[in-house]
Every structure is written in C-alpha cells, then in structure tokens.
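Residue numbers (my numbering), protein chains in the order written: chain E, 4 to 265; chain H, 19 to 351.
For reference, the structure is listed below as structure tokens.
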Amino acid sequence: MKRIGSSRGLPLEAPLLLFSLAILVILIAPFSEMFFGLDWQHLQFAPNDLHAIRTSLVYSGTALLLCILLGTPLAWWMARRRYRWSPIVDALILLPLLTPPLALGILLASFFGPYASVGQFLSHWGLRLVNTAPAFIMAQVYAAMPYYVLSARAAFEGVPTDLEEISHTLGKSSWQTFWLVTLPMARNGLTAAIALAWVRAMGEFGVVLIVAYYPMGIPVKIYQNLEDIGLSAVYPLLWVFFLVAIPLPLWIRLRSRRQALL
Amino acid sequence: MLALHCQTDTPVALDISLEVEGLSVLLGRSGEGKTTFLRALLGLLPARVEPWGHLPTEQRPLGYLPQGYRLFPHLRVWQNIAFPMRERDRRQAALELLERIGMSRFAEQYPAALSGGQQQRVALLRAIARKPKLLLLDEPTSALDPQTRDEIIAALSEESAIFSIPLLVVTHDVSICAAAQRMAILQDGRIQADGEPAEIFSCPPNPQAAQMLGMENFFTGRVEEKLSKQEYLVRVHSRRLRATGMADHSPGEEVILGIRAEHVLLRDAKDADAENLIVSEVVEWHRQPLWQRFVTAPPLSLRGRFLAQDRSDPPRTLYLQLPAEKLLLWKKE
C-alpha cells in the first residue's frame, strides 16, 4: 500500500500503529450492528422515510450555506482583530456548544416561539420559527455554526499575516487579498470546517426536536420510527443517512488533500 | 535622485531623511529600526512619510522584498510573478520576465521546489512586476553563504540596471556597500552619515559607525596639538601619534582613536624611526587560508592582518605602523 507522507524516524512506529488501529476499531465497533443487527432480507423503508431524507438534505444544505455566509466573516474577524474583550467573544461562541442541545432547543423556542416578543414580531412579518422549514434551518444553524466558526477561525489564524501584507504591497486591496491569498491559503482548514458543520447540521437531533419536530428530518424520523415501529425501521434510514451525509465531507477532504499534495 | 523622509514613534522612534540612487544601502545594526523604516515607507505602520505618505499601501508605487522572500506558497512561480500584474495576458508577461533572468523552466514549479537564491529572484521579479518607482529590500543577503551573497549582490545590481528601478537595501551586511552607489548609516533612529560608500568608509562619523563598517581597533587618547586643519598630535599612553580628525578638537580634549585592521602596517626593525611606529609583543596569532591575523599585548592592544604569503613562524615582536591618514579620531562622548 502506498503511504502518503513520511513517518521515517517516528519513534515506536509499530506500537503506535497498533494502538491507533485498536482505538479506531473501538470507535467503529458499535456500527457493526448495522451489518449484523439488520434483517437484510426484509429491509424496507417506513412511510415518509424518503420525505425525511429530502428534508434533511435540502434544509441541511441551506443551513450549511448560511453557516458559511454568516460564519466566515465572523471567523475572519475573530482571527484577525484582537481587542481587549476578544476573550469574551471567544467564550460567547462556546456558549451554544456548551449548552445541552435539548436546553438550546428550549431556549430557541422560548425566544423565537409564538409567545415571545421576538417570535411575535417575526410572525407579524410572516416568519414563523416553530415547526416550519425556517425553524428547522435555524435550529441546524444554531447547532452547526459555532463548530464552523471555531474551525474557520483556526484556519484563518494559520494564514501568516505577513503574506497578506505582501499582497497589499503588490497593489491588492483588502478584499482582493482576502480572495487571492487568505481564502486559498486557509482552504484546507475551511473545508474541514465545512465538513464539520455539515455533519453537525445533518445529525442534529436535540435542538431540532424541540424547535422543528416537523418538517421531519432524518434524526427525528429515526426517533419516530423507533417509537412507532421498532429497531427494524431504524437501520434502513440510518444506512441512507450515512450514504447521503458522508459523501460531501469525504469529497471535500479528498479534494483539499489532493490539492495540498500538488 | 529620490529623497525619502520618514518619522515613526513606534515600535522604534525614527526620524530619517535619505537620498536614493541606483543601488543604495541603509546600514544599521539589528534593532536599529531598519525593517520599521521599510514598513513605514510601505504604509504598513503608522508614520509620517514623504513621498506617497497620503496613499494606502496598495497604491504606493513601491516594490518590497522582505526577509525570507515570502512567496505565496499556493501559487506557481509564474502566478507569483503575475500576482501584481494588470496586463491582459498575465501569464505571458510573467514568462517574459522569467525569460529575462533565465528562469523560465521554473515557471510551473511551486516556490517550495526552489532553492533560497531562486526564491529570492522570483520574489524580486514579483516586486518588479508591480512596476514600482523604488524597490525596497530587507536584508537580502542574510542567511546566505559568502559566495551566494556576492552573486546575489551582483544580480541585484544588474537587475536594478536592467529594469531601471532604484533599489534601497537595508542591511547590517557591510559587504553590500561595495556594490552600492550611495549608502547611509542608521544609528539611534537617525541617519549618521549619507553619501558615497568610499567617502563614508574613509570618514565614519563616529566610533560606533566605524565599528559597524568593520573597524576593529579603538583606543583613547588626549589631543596635544593641532598640526593642521585635520591633523592632530595625540598622546596615547606614553606615545605620541599623529592622527586625522574631521571635527575640530582642542588641545587637552579626550578623544577616541580608531584604525582598521588592514591599515595597520607590518614593518621591521630598520623602520624603528618611522612615524607612528609601535613595537609590541604578539599575544595571539591566527593563521587562516587567506589572512594571518594577530593581536598585540596591552596597553595598546592592536588587531592586524596581512595576506598569508609567508608560511614561516610568526615573530614574537612586531613593528607596526599606524599611518596618520588612516588613524582617525573622534571626540569622546
């Protein structure tokens, strides 16, 4: 097998390899149930499973787009602008991550729900943020964006500021420098951030359960299938979930890796 | 000739006025603010700068070659050079520039595949591609071996002429001055001397500048008599030496004298009556491939060197002459 990169001189290579493989096996062992715990001959979807798949894909894609559009400027700002109160911003961005998803869902429902002033105000303008498509997307954005912002910030921090200065000395404006230097150089970290945000948005259950039980996405539908039908209705949807959720981060990772090797 | 003025408060307080022509060198020790000066000229630091001080960095017609060259690692060589270009066919224009310095075969490489010297030349082309009115180079010879350094200096001088762009090099490397049309010495945030290199080497403005320019021998003395406009008789320990001073000194004034190691002349016993002759014991002797170096015993501990043609054992006693026109004196601060 062709190895990418060199591990020459790495101490304890063989024990480290065995240790790493053992940890990987432990991590993925529960997923063996998807092969052995499944009645392959009577495999079938529960009613509305396909609808849940479409809901998850379309709304998670939208949520991911929003995370990128809103989170990228915030991440860049956090990486490049240092104020005395910057640590407070760092702590604030951790708050949604720290909060248990169920509690975050309750907070969102309380703030944007029909009985809250913000919710009433938004309803007045036709935007209902409970059990609607926008509510679903909002729940996913709240769940995924902190991960995206933290990873993207680390990616931007990895771009040497002196290269951005060189770009300015070569006649490029701040905006051009961002597009021509910062963004391409942060590419690997940003693609990892996008992949992370995607799997976070797709897999989010707790926040979505409270704020947007309907329209039902895959995680909530799995829960409903388990409650209404049983284990046999969980695995087929879980299979589909993996098949539709994994390709994007995998493609992004492979693509950025191939470009890094050029 | 281009006149530059720059005042900064932080990180180093500077007040610099400088004239640039062809290949010009600003010489200064580490920490004197050479990089600060360049960054201020470029608009990367808050400063009062003339000319172009009112323009943002991207509009100042300056090219910049920083230490470490800082090529964009995600761009190929030709893309790095084409980066500042506005031409329709940027690739072709970049290839033409590469062709002019004989590096077109590296066009499709990434910077990581180039040697340090090649990276520097690409970075220089990238800065030139901006079509600047002045090119600023920060320590271009640091971390280079002497042979590469000489090649780089020659290449810089040549490329400055090819592209008709004046170059301002800031450095602590005295050897670049030999190729320069003008040089200046930066010390304590100000220009201590500014002019042609030969002129500044022969008359450094103070002992610190002289030391920066490679002078090794310094000792104190007291002026006994002013012999002419620039000639003085100075008492050093029990000896009386004739020396040259640029400023006006009064009898009784305490002064610092200095002479370059290569100006200390080796004589023999028959020259015992020669002017400024010192007889001294050798305490250190270093035989190197090109030079033989020696250090004499106190109180007038002198460092000297001469071409290593003679392979015989060094004598214990040396007759050394300090030519009056090379023995410089400055007021003791």
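C-beta: ideal position from N, C-alpha, C; glycine also.
Tell me whether methionine 81/E sits in a helix, a strand or coil according to DSSP, three-state version. Here residue 81/E refers to the residue found at position 78 when the first sequence is read from its first residue. Helix, per DSSP.
Could you name the residues of the same chain whose beta carbon sits closer than 8 Å to that of aspartate 163/H, not counting the 5 residues immediately before and after it, in chain order? Translated into positions along the second sequence, residue 163/H becomes position 145. No residues qualify anywhere along the chain.
In three-state DSSP terms, what is serine 35/E? Here residue 35/E corresponds to residue number 32 of the first sequence, with the count starting at 1. Helix, per DSSP.
Cβ of glutamate 168/E within 8 Å of any chain H Cβ: Taking the first residue of the first sequence as position 1, residue 168/E is located at position 165. True, the Cβ-Cβ gap to chain H drops below 8 Å.
Return no unless some Cβ of chain E is closer than 8 Å to the Cβ of arginine 360/H. Past the edges of chain H, shown from 19 to 351, lies residue 360/H, and the structure says nothing about it.
Excluding the 5 residues flanking alanine 65/H on each side, which residues of the same chain have their C-beta closer than 7 Å to its C-beta? For this step, residue 65/H is matched to residue 47 along the second sequence. The answer, listed in chain order, is Cys24, Gln25, Thr26, Ala58.
Is it right to say serine 10/E is buried, meaning 16 or more other beta carbons lie within 10 angstroms of its own, or is it exposed? As a working note, residue 10/E is residue 7 in the first sequence. Low confidence applies here, because serine 10/E scores a pLDDT of 49, under 50, leaving its location unreliable; read the following figure in that light. Burial call: exposed.
Tell me the start and end of each unbroken beta strand (DSSP E) in the segment 283-346 of chain H that is at least 3 residues and wholly inside, in chain order. For the segment 283-346 of chain H, whole beta strand (DSSP E) runs of length 3 or above, ordered along the chain, are 283-285, 295-305, 309-314, 321-325, 335-339.
Taking Cβ-Cβ distances below 9 Å as the criterion, which residues of the segment 152-182 of chain E are in contact with chain H? For the segment 152-182 of chain E, the set of positions with a beta-carbon nearer than 9 Å to some beta-carbon of chain H reads Pro163, Asp165, Leu166, Glu168, Ile169, Ser170, His171, Thr172, Leu173, Gly174, Lys175, Ser176, Ser177, Gln179, Thr180 in chain order.
Reduced DSSP secondary structure (H/G/I, E/B, other) of methionine 201/H: Walking along the second sequence from the start, residue 201/H turns up at place 183. Residue state, collapsed to three classes: strand.
Hey, which unbroken runs of the beta strand (DSSP E) at 3 residues or more fall wholly within the segment 188-253 of chain E? none
Go through its chain and collect everything with a Cβ distance to serine 235/E's Cβ below 7 Å, but skip five positions before and after it. Mapped onto the first sequence, residue 235/E falls at position 232. Within the same chain, serine 235/E has close Cβ partners Asp42.
Looking only at its own chain, which residues have a Cβ that is under 8 Å from the Cβ of glycine 8/E, when we skip the five neighbours before and after it? By 1-based counting over the first sequence, the position of residue 8/E is 5. The pLDDT assigned to glycine 8/E is 47, lower than 50, so where the model puts this residue is not dependable; a value taken from the coordinates is nonetheless given after this. Contacts found: none.
Range of the contiguous beta strand (DSSP E) that encloses threonine 26/H: By 1-based counting over the second sequence, the position of residue 26/H is 8. Segment 20-26, the beta strand (DSSP E) holding threonine 26/H.
Rounding to the nearest angstrom, what Cα-Cα distance links arginine 6/E and leucine 73/E in this structure? Counted from its first residue, the first sequence places residue 6/E at position 3. Counted from its first residue, the first sequence places residue 73/E at position 70. For arginine 6/E, the predicted model reports a pLDDT of 48, less than 50, meaning its position is unreliable and no value from the coordinates is stated.
Can you list, in chain order, the residues of its chain whose CB lies under 7 Å from that of glutamate 302/H, leaving out five sequence neighbours each side? Locating residue 302/H in the second sequence gives position 284, counting from the first residue. Excluding five sequence positions before and after glutamate 302/H, the CB atoms of its chain that fall closer than 7 Å to its own CB belong to Phe312, Val313, given in chain order.
Based on Cα-Cα distance, which residue from Pro137/E, Ala204/E, Leu253/E, Thr185/E lies nearest to histidine 272/E? What is shown of chain E runs 4 to 265, which leaves residue 272/E out entirely.
Cα-Cα separation between isoleucine 96/E and proline 14/E, rounded to whole angstroms: Here residue 96/E refers to the residue found at position 93 when the first sequence is read from its first residue. Here residue 14/E refers to the residue found at position 11 when the first sequence is read from its first residue. About 38 Å.
Same chain, Cβ closer than 7 Å to proline 29/H, five either side skipped, listed in chain order: Position 11 of the second sequence, counting from 1, holds the residue named residue 29/H. Cβ within range, chain order: Thr54.
Please report whether the beta-carbon of threonine 75/H lies at a distance below 8 Å from any beta-carbon of chain E. Against the second sequence, residue 75/H aligns to sequence position 57. At a cut-off of 8 Å between beta-carbon atoms, threonine 75/H makes contact with chain E.
Please check if any C-beta of chain E sits within less than 8 Å of the C-beta of arginine 144/H. Taking the second sequence and counting its residues from 1, the one referred to as residue 144/H is at position 126. Closer than 8 Å: yes.
Taking the C-alpha atoms as reference points, what is the distance between arginine 123/H and asparagine 235/H? Here residue 123/H corresponds to residue number 105 of the second sequence, with the count starting at 1. Here residue 235/H corresponds to residue number 217 of the second sequence, with the count starting at 1. Approximately 50 Å between the Cα atoms of the pair.
Which residues in chain E sit within 9 Å of histidine 92/H, going by Cβ to Cβ distance? To locate residue 92/H, count along the second sequence from 1; it is residue 74. The contacting residues are Val184, Pro187, Met188, Arg190, Gln262.
Could you work out which residues of chain E lie near phenylalanine 101/H, taking near to mean beta carbons separated by less than 7 Å? Position 83 of the second sequence holds residue 101/H. By Cβ distance, chain E contributes Leu173.
Using the three-state DSSP reduction, which class does serine 63/E fall into: helix, strand or coil? One-based indexing of the first sequence puts residue 63/E at position 60. The answer is helix: DSSP assigns serine 63/E an H, G or I state.
Given that arginine 148/H touches chain E, what residues does it touch there, using C-beta distances under 9 Å? For this step, residue 148/H is matched to residue 130 along the second sequence. What arginine 148/H touches in chain E: Thr172, Leu173, Gly174.
I need the boundaries of the alpha helix (DSSP H) containing asparagine 98/H, first residue and last residue. In the second sequence, residue 98/H corresponds to position 80, counting from 1. Its alpha helix (DSSP H) spans residues 95-100.
One question on the structure: do valine 192/H and glycine 232/H come within less than 8 Å of each other, judged by their Cβ atoms? Working through the second sequence from its first residue, we reach residue 192/H at position 174. Working through the second sequence from its first residue, we reach residue 232/H at position 214. Yes. Within cutoff.
Any Cβ of chain E within less than 8 Å of the Cβ of proline 64/H? What you label residue 64/H is simply residue 46 of the second sequence in a count that begins at 1. No - not a single Cβ of chain E is within 8 Å of the one on proline 64/H.
Should proline 222/E be labelled buried (16 or more other beta-carbon atoms within 10 Å of its own) or exposed? Taking the first residue of the first sequence as 1, we reach residue 222/E at position 219. So proline 222/E counts as buried.
Using a C-beta to C-beta distance shorter than 8 Å, which residues of chain E count as neighbours of leucine 59/H? By one-based count along the second sequence, residue 59/H stands at place 41. Going along chain E, no residue has its Cβ under 8 Å from leucine 59/H, so there is no contact; the nearest lies around 10 Å.
Among the residues of its own chain, which have a CB less than 7 Å from the CB of glycine 49/H, if the five just before and after it don't count? Against the second sequence, residue 49/H aligns to sequence position 31. Excluding its 5 nearest sequence neighbours in each direction, glycine 49/H has no C-beta neighbour in its own chain below 7 Å.
Exposed or buried, what is lysine 52/H when buried is set at 16 or more other beta-carbons lying within 10 Å of its beta-carbon? Position 34 of the second sequence, counted from the first residue, corresponds to residue 52/H. Per the 10 Å Cβ criterion, buried.
Using 7 Å as the cut-off, classify the Cβ of alanine 141/H as near or not near the heavy atoms of the ligand ATP, replying yes or no. No copy of the ligand ATP occurs in the structure displayed, which carries no ligand at all.
Quick check on proline 104/E: buried or exposed, where buried means 16 or more other Cβ atoms within 10 Å of its Cβ? On the first sequence, position 101 is the one that residue 104/E refers to. So proline 104/E counts as buried.
Which residue's Cα is closest to the Cα of glutamate 249/H: Arg260/H, His255/H, Glu242/H? Here residue 249/H corresponds to residue number 231 of the second sequence, with the count starting at 1. Nearest C-alpha to glutamate 249/H: Arg260/H.
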